[in-house]
Amino acid sequence: MATVIRLARFGAKKRPYYHVVVTDSRNARNSGNILATVGKYDPMLPRDNEKRVVLKVDEIKDWMAKGAKPSDRVYRFLAKAGLVAERVVPNQTKKNLQSEKTLQKIKDKQDKLAKIAEEQAAAEAAAKAAAEAPAAEESTEAPVAEEAAPVAE
2 MATVIRLARF
12 GAKKRPYYHV
22 VVTDSRNARN
32 SGNILATVGK
42 YDPMLPRDNE
52 KRVVLKVDEI
62 KDWMAKGAKP
72 SDRVYRFLAK
82 AGLVAERVVP
92 NQTKKNLQSE
102 KTLQKIKDKQ
112 DKLAKIAEEQ
122 AAAEAAAKAA
132 AEAPAAEEST
142 EAPVAEEAAP
152 VAE
């Protein structure tokens, strides 16, 4: 008999709660023909909550020694608990990268935006300089003394 360690779903609609169970691989997920319940998983709890995943480590070790294989999700839980080595993520091929044409479009758009920003900065600097120039001229000029009108005697 091929045994697996997997999740069995419990809980209400849209409020899942899982038991980590050991069962025959041919059984349905919630068939009730489980050999042992070795943990619990509550995805509704925050990730940093210690009660989110509760495992019975000794029982899991015993079942794995007997040949039980964990499902992918349970394997992640066991890796996080330090019972098994984490799976190595394979390197992606070049298919996940953007094409040369797309990269060129992105670069052109960035250059265009940089050019527009540079022109706006130059226009703002010119406007600021123009606004300061008349104010500077007014302050540097000496006040013109009015000529006194000749006093008639």
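Here the sequence shown stands for residues 2 to 154, where the numbers follow the numbering used here. Note that beta-carbon positions come from the ideal geometry of N, C-alpha and C, so glycine has one too.
What are the start and end residues of the alpha helix (DSSP H) that includes residue i?
i, result
"residue 79", "73 to 82"
"residue 58", "58 to 66"
Once DSSP output is grouped into helix, strand and coil, what is the label at residue i?
i, result
"residue 29", "coil"
"residue 102", "helix"
"residue 69", "coil"
"residue 126", "helix"
Report, in whole angstroms, the separation of the C-beta atoms of residue i and residue j, which I expect to be a contact under 8 Å.
i, j, result
"residue 58", "residue 84", "7 Å"
Around the C-beta of residue i, are 16 or more other C-beta atoms found within 10 angstroms, so that it is buried, or is it exposed?
i, result
"residue 66", "exposed"
"residue 61", "buried"
"residue 7", "buried"
"residue 9", "buried"
"residue 79", "buried"
Below 7 Å CB to CB, which residues in the same chain sit around residue i once its five sequence neighbours on both sides are set aside?
i, result
"residue 36", "4, 23, 24"
"residue 56", "21, 39, 40, 78, 82"
"residue 68", "4"
For residue i, report the span of its beta strand (DSSP E) as first-last.
i, result
"residue 41", "35 to 42"
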